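Structure first, commentary second.
Number of protein chains: 4
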Amino acid sequence: MENTYRLIISCPDRVGIVARVSQFIAEQSGWLLEANYHSDAENNWFFMRNEIRASSLSVNLETFRQNFSVIADEFDMEWELIDSSEKRKVVILASHASHCIADLLHRWHSNELHCDIPCVISNHENLRSMVEWHGIPFLYVPVTPENKPEAHRKIMDLTAEYEADTVVLARYMQIVPPEFCRRYQGRMINIHHSFLPSFIGANPYQKAYERGVKLIGATSHYVTEQLDEGPIIEQDVIRVNHRHSKDDLVRLGKDVEKAVLARALRNHLEDRVLVHGNKTVVFD
Amino acid sequence: MENTYRLIISCPDRVGIVARVSQFIAEQSGWLLEANYHSDAENNWFFMRNEIRASSLSVNLETFRQNFSVIADEFDMEWELIDSSEKRKVVILASHASHCIADLLHRWHSNELHCDIPCVISNHENLRSMVEWHGIPFLYVPVTPENKPEAHRKIMDLTAEYEADTVVLARYMQIVPPEFCRRYQGRMINIHHSFLPSFIGANPYQKAYERGVKLIGATSHYVTEQLDEGPIIEQDVIRVNHRHSKDDLVRLGKDVEKAVLARALRNHLEDRVLVHGNKTVVFD
Amino acid sequence: MENTYRLIISCPDRVGIVARVSQFIAEQSGWLLEANYHSDAENNWFFMRNEIRASSLSVNLETFRQNFSVIADEFDMEWELIDSSEKRKVVILASHASHCIADLLHRWHSNELHCDIPCVISNHENLRSMVEWHGIPFLYVPVTPENKPEAHRKIMDLTAEYEADTVVLARYMQIVPPEFCRRYQGRMINIHHSFLPSFIGANPYQKAYERGVKLIGATSHYVTEQLDEGPIIEQDVIRVNHRHSKDDLVRLGKDVEKAVLARALRNHLEDRVLVHGNKTVVFD
Amino acid sequence: MENTYRLIISCPDRVGIVARVSQFIAEQSGWLLEANYHSDAENNWFFMRNEIRASSLSVNLETFRQNFSVIADEFDMEWELIDSSEKRKVVILASHASHCIADLLHRWHSNELHCDIPCVISNHENLRSMVEWHGIPFLYVPVTPENKPEAHRKIMDLTAEYEADTVVLARYMQIVPPEFCRRYQGRMINIHHSFLPSFIGANPYQKAYERGVKLIGATSHYVTEQLDEGPIIEQDVIRVNHRHSKDDLVRLGKDVEKAVLARALRNHLEDRVLVHGNKTVVFD
Chain A
1 MENTYRLIIS CPDRVGIVAR VSQFIAEQSG WLLEANYHSD AENNWFFMRN EIRASSLSVN
61 LETFRQNFSV IADEFDMEWE LIDSSEKRKV VILASHASHC IADLLHRWHS NELHCDIPCV
121 ISNHENLRSM VEWHGIPFLY VPVTPENKPE AHRKIMDLTA EYEADTVVLA RYMQIVPPEF
181 CRRYQGRMIN IHHSFLPSFI GANPYQKAYE RGVKLIGATS HYVTEQLDEG PIIEQDVIRV
241 NHRHSKDDLV RLGKDVEKAV LARALRNHLE DRVLVHGNKT VVFD
Chain B
1 MENTYRLIIS CPDRVGIVAR VSQFIAEQSG WLLEANYHSD AENNWFFMRN EIRASSLSVN
61 LETFRQNFSV IADEFDMEWE LIDSSEKRKV VILASHASHC IADLLHRWHS NELHCDIPCV
121 ISNHENLRSM VEWHGIPFLY VPVTPENKPE AHRKIMDLTA EYEADTVVLA RYMQIVPPEF
181 CRRYQGRMIN IHHSFLPSFI GANPYQKAYE RGVKLIGATS HYVTEQLDEG PIIEQDVIRV
241 NHRHSKDDLV RLGKDVEKAV LARALRNHLE DRVLVHGNKT VVFD
Chain C
1 MENTYRLIIS CPDRVGIVAR VSQFIAEQSG WLLEANYHSD AENNWFFMRN EIRASSLSVN
61 LETFRQNFSV IADEFDMEWE LIDSSEKRKV VILASHASHC IADLLHRWHS NELHCDIPCV
121 ISNHENLRSM VEWHGIPFLY VPVTPENKPE AHRKIMDLTA EYEADTVVLA RYMQIVPPEF
181 CRRYQGRMIN IHHSFLPSFI GANPYQKAYE RGVKLIGATS HYVTEQLDEG PIIEQDVIRV
241 NHRHSKDDLV RLGKDVEKAV LARALRNHLE DRVLVHGNKT VVFD
Chain D
1 MENTYRLIIS CPDRVGIVAR VSQFIAEQSG WLLEANYHSD AENNWFFMRN EIRASSLSVN
61 LETFRQNFSV IADEFDMEWE LIDSSEKRKV VILASHASHC IADLLHRWHS NELHCDIPCV
121 ISNHENLRSM VEWHGIPFLY VPVTPENKPE AHRKIMDLTA EYEADTVVLA RYMQIVPPEF
181 CRRYQGRMIN IHHSFLPSFI GANPYQKAYE RGVKLIGATS HYVTEQLDEG PIIEQDVIRV
241 NHRHSKDDLV RLGKDVEKAV LARALRNHLE DRVLVHGNKT VVFD
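Residue numbers (full-length UniProt numbering), protein chains in the order written: chain A, 1 to 284; chain B, 1 to 284; chain C, 1 to 284; chain D, 1 to 284.
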């Protein structure tokens, strides 16, 4: 994979933003491999993602950043310049369910996910061997009704120690404390096993079974302090029918969950997901 | 289309039902074109649909019915024997939106829906010409906040007068009174413009837009006294993204709504939908 | 719908195209409602679609065009500048099948398709009443094995007389002569009733039935002199199974055909489809 | 999972088959957990799958089999009676690609696939560690242009030695000799990386890329002596567009391949796939 710089911008919309930004990139002789723009008419907000071939640039990353900050100030931009060669550190929190984490680890192992996984943290021991086979440290932090605050304090310390850039809740099944949510705002990704906003909270497959829906789904979203209410990154569904028991829904849902989480994480890692308010722009 | 008799059964599950019923059919030399069975283990309930070539039977419908009633009593069955050559009378209630009714009328016109449509009733005049072009009476019954009870009384009288077997709410957009729901229990089909149970009630596309979902859907269900809570017959979804405005959701949703309603109605007309509690068995 | 100018560009890729074009648009104070870019690395080719709010521009269309031609020459661009308020003239060719044309006419009638339909030409009479109800002239041109060349000559004369910008083959079922294909290159849209390149040519549903495929599909493509080989605009599929007869495939396929054709035509009319070689870039 | 007996039948269609079979099952006091029937009108052939609760039967498997053979002879049936508690032995053939085999192994490891995997055979060494971590013997049989016949002879000996009931080609990428195909007729499952019959043979993603299709797919089928022409068990597709490179198609296709293969294998293991001619009846 070729090394690129990604220039990610969001700002109030007005005439001339694309011109100014692309003019700047051209002045540094930057070759655009991909460029995406979105103008949100309702909120008068502008979103932009430029992927620039690193080797084409006449300046280094630091100079590019300094030079661009003038434009950014002028247009009141929130912006980031990301070097694709610097792998994100993704810490995965898991519980006893294996399907999502097995899927993520295999994608990582086969170079489909461009990131480092410094450790996996779990409140169960059963996944240790699978994780360690991949050469990744497995950290066991039991969570009980009694020790919840301390356990999550421990987990937060570990994510800091392992310098997590992104936290993935791969069917972690515990409610994460507000402080943890805030620290990883826009960088903590959950997979919920329903097509949100249907069946918020616990036991969505049971609820789906009782309601008799004809499709079940999964939703990957950034975690916020409001349970299952954060910005949605990706969703998908699968068809079910009267022959499917509740256990069948759980089994069929696994395939949707892991696919949705993997797509969401991939887009996040490629800086394709821009959050605005409680919604996302996904440049995929 | 070949003439068939449909024997539809639901009853408590036990050993020997299929044997007894199929033995009976064979004794009348009935040729099974299609046979479907479902055993609901959780509720210990059994569902069966037999489609029998009419010309193969050695007895007429009435004799078949009389002879079968002995078995039905023995197994405590709810059952129906339906002659496929007798077309159902489907009265459509519409408002000003044209997409669902235009789709249904075209399917009917091109012999894809096996039913009669004795009339269309609407609280707006704008669809009159389209309906009348199909040779179907168009009945205008204005509904205002003031006259709602009388208007619905009028509509109930009309469905009775036109001998409606089934009532379809093709984006009718009015809440139907409880008495009307009860009279057409299991025979009044609505299309709701969301993937229920998400976005119950009014303005589902607006709510979907605000929540930032990545798929929008539609749900066809039997109408009950609880708004948008009746047994679901069919659902489907379509992918959307950040580029879609609320108006785009409305436009894209139309295609899902009309497809879902048409599939639900077709299955209903072929007696493929069996209701049990608040759920459906759909033998499609 | 707001009036816009669409600037559509394709040219050899190099540094600075976006900068130059967007700089130009900004200089005319053009407000970008939507902008899409694609860089085809394999062919080193660049594609761009800009949708500009007409009322924001400080110059009129003609001046914009003249001024832009300097840039276009510099970058060796193929380009178009389109005023969205000028409706395309779309002539529909049909045969006896009604599903695609009924769908298109209803979309047009309900203002979902932004175009004029100056006439419908068919080699059968059965759709006359439906077409005329929409206020559109219906022209009957019988095509027989004997009169094929003259019939198509007649049809070409009619498309010229009615000033067709775009020709839609809505299940027309006749092979169109090379001259006609060439005249409407990139502007004649066909719907083929299979998931191309499977089942090229006649009777695709029969072939799909015999092969026992588990999905059937439809393909909308620009017509070229090579039968069913032109650039694909849109495709979709629907699930089938062993219970479906060949007639069921035909019936289920209709829904896919009409949806695929409608999406393709809509994207074509909004100038979202750019052809390069035998492939399309679709900015949807 | 409850222990069941599966009675699988296919025979010429006539009146009374269901009656006779279900009467027989009821006489042994068999409780039907699931029953599926299909009448193929075109070929006048009948298919049946009965899943009977083992504990409900008043006779053992051998007696059931003996008693039933009388009926089977009378109706000229091909039939099988399968004890669900006897796990099939599935030998997997792999090459260097890991996505399908990793997916199958995880499903097996998490008890989603009800079978034994006595060994994995591969012509590359790279998957050894992954396979062995699952506690499954990994057998390396290099295949070169020179040693092909001997290598496949070796592989056939190994499948015999390990008593393979079913052989899965999990992206094995080698053409299997006719004798091997014949020996495992209806029991050797391949995953082809295209939506067959599109793109038969080598490099389907390259061909799909060149043709500019808007959906790519995968097909799982029983292997026959005609390459990629065997009875199709399952297919699925995923949407792609102009932004996707050939490598993207390969990556996106992996998810479809593994899902399709897993569904096909699961249905095969549950005796839900009945082959007739070159087509399948799948009672899922």
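Think of the CB as a built atom: it goes at the ideal place given N, C-alpha and C, for glycine as much as any other residue. Just so it is clear, the structure is predicted and the values come from calculations on it, not from any experiment.
With a CB to CB cut of under 8 Å and the five nearest residues on each side skipped, what residues in its chain are close to residue i?
i	result
Phe-24 of chain A	Asn-67, Phe-68 and Ile-71
Ile-238 of chain B	Leu-215, Ile-216, Gly-217, Leu-252, Gly-253, Asp-255 and Val-256
Leu-269 of chain A	Arg-88, Val-90, Leu-113, His-114, Cys-115 and Thr-166
Ser-95 of chain D	Ser-122, Asn-123, His-124, Arg-171, Tyr-172, Met-173 and Gln-174
Is any non-hydrogen atom of the ligand FAD found closer than 8 Å to the C-beta of residue i, if you look at the structure I gave you?
i	result
Pro-231 of chain C	You won't find the ligand FAD in this model; it holds no ligand whatsoever.
Can you round the beta-carbon distance between residue i and residue j to whole angstroms, since I take them to be within the 8 Å contact cut?
i	j	result
Phe-138 of chain C	Arg-128 of chain C	5 Å
Ile-92 of chain A	Ile-117 of chain A	6 Å
Leu-105 of chain A	His-134 of chain A	5 Å
Glu-78 of chain B	Cys-11 of chain B	7 Å
Lys-49 of chain C	Leu-33 of chain C	As written in the sequence, residue 49 of chain C is Arg, which differs from the Lys given in the question. That belief does not hold up - the Cβ atoms of Arg-49 of chain C and Leu-33 of chain C are roughly 11 Å apart, past 8 Å.
Val-15 of chain B	Ala-26 of chain D	6 Å
Tyr-5 of chain A	Phe-75 of chain A	Their Cβ separation, rounded to whole angstroms, is 19 Å, which puts Tyr-5 of chain A and Phe-75 of chain A out of contact at 8 Å.
Thr-98 of chain A	Ser-110 of chain D	Checking the sequence shown, residue 98 of chain A turns out to be Ser, not Thr. Contact flag correct, Cβ pair sits at about 6 Å.
Taking all protein chains shown into account, decide if residue i is buried (16 or more other Cβ within 10 angstroms of its Cβ) or exposed.
i	result
Ser-55 of chain B	exposed
residue 295 of chain A	Missing from the structure shown is residue 295 of chain A; chain A here goes from 1 to 284 and no further.
Ile-175 of chain A	exposed
Val-245 of chain A	At residue 245 of chain A the sequence reads Ser, which differs from the Val that was named. The residue in question, Ser-245 of chain A, is exposed, as its Cβ has fewer than 16 Cβ neighbours within 10 Å.
Glu-179 of chain B	exposed
Glu-125 of chain C	exposed
Asp-83 of chain B	exposed
Glu-234 of chain A	buried
Asn-3 of chain A	exposed
Asn-44 of chain C	exposed
Is there a Cβ of chain D sitting closer than 9 Å to that of residue i, yes or no?
i	result
Pro-231 of chain C	yes
Ala-35 of chain C	no
residue 310 of chain A	This structure cannot settle anything about residue 310 of chain A, because the visible part of chain A is limited to 1 through 284.
Would a check of beta-carbon distances place residue i closer than 9 Å to chain F?
i	result
Ala-54 of chain C	Annotation note: the requested chain F is absent from the structure, which comprises protein chains A, B, C and D.
If I measure Cβ to Cβ from residue i and keep anything under 6 Å in the same chain, skipping five residues before and after, which residues do I get?
i	result
Lys-207 of chain D	Phe-199
His-193 of chain A	Pro-204, Ala-218, Gly-253 and Glu-257
Leu-261 of chain D	Cys-100, Ile-191 and Ser-220
Val-59 of chain C	Gln-28
Val-131 of chain C	Val-120 and Phe-138
Is the shortest distance between the beta-carbon of residue i and the beta-carbons of chain B less than 9 Å?
i	result
Ser-84 of chain D	no
Arg-171 of chain C	no
Ser-220 of chain C	no
Whose C-beta lies closer than 7 Å to the C-beta of residue i among residues of the same chain, with five residues either side of it excluded?
i	result
Pro-231 of chain A	His-221, Tyr-222, Val-275, Asn-278, Lys-279 and Thr-280
His-38 of chain A	Phe-47 and Val-281
Thr-224 of chain B	Cys-181 and Gly-230
Gly-201 of chain C	Leu-227 and Asp-228
Give a yes or no on whether 9 Å exceeds the smallest Cβ distance from residue i to chain C.
i	result
Met-130 of chain B	yes
*Scan the region 6–32 of chain D for residues whose Cβ lies nearer than 9 Å to a Cβ of chain B and list them as they occur along the chain.*
Asp-13, Arg-14, Val-15, Gly-16, Ile-17, Val-18, Ala-19, Arg-20, Val-21, Ser-22, Gln-23, Phe-24, Ile-25, Ala-26, Glu-27, Ser-29, Gly-30, Trp-31 and Leu-32
*Relative to chain A, which residues along the region 182–199 of chain B have a C-beta separation below 8 Å, given in chain order?*
Within the region 182–199 of chain B, the residues whose Cβ lies closer than 8 Å to some Cβ of chain A are Phe-195, Leu-196, Pro-197, Ser-198 and Phe-199, listed in chain order.
_Give me the subset of the region 251–274 of chain C whose CB atoms are less than 7 Å from a CB atom of chain B, sorted by chain position._
Arg-251, Asp-255 and Ala-259
*Give, in chain order, every residue of the region 102–117 of chain C whose Cβ lies closer than 7 Å to some Cβ of chain B.*
Residues Ala-102, His-106, Ser-110 and Glu-112.
*Name, going along the chain, the residues of the region 39–71 of chain C whose beta-carbon falls closer than 8 Å to a beta-carbon of chain A.*
Residues of the region 39–71 of chain C with a Cβ closer than 8 Å to any Cβ of chain A, in chain order: Ser-39, Ala-41 and Ser-56.
*Could you list the residues in the region 146–157 of chain B with a C-beta less than 8 Å from some C-beta on chain A, going in chain order?*
none
*asked:* Any C-beta of chain C within less than 7 Å: which residues of the region 120–144 of chain B qualify?
replied: Of all residues in the region 120–144 of chain B, Trp-133 have a Cβ within less than 7 Å of some Cβ in chain C.
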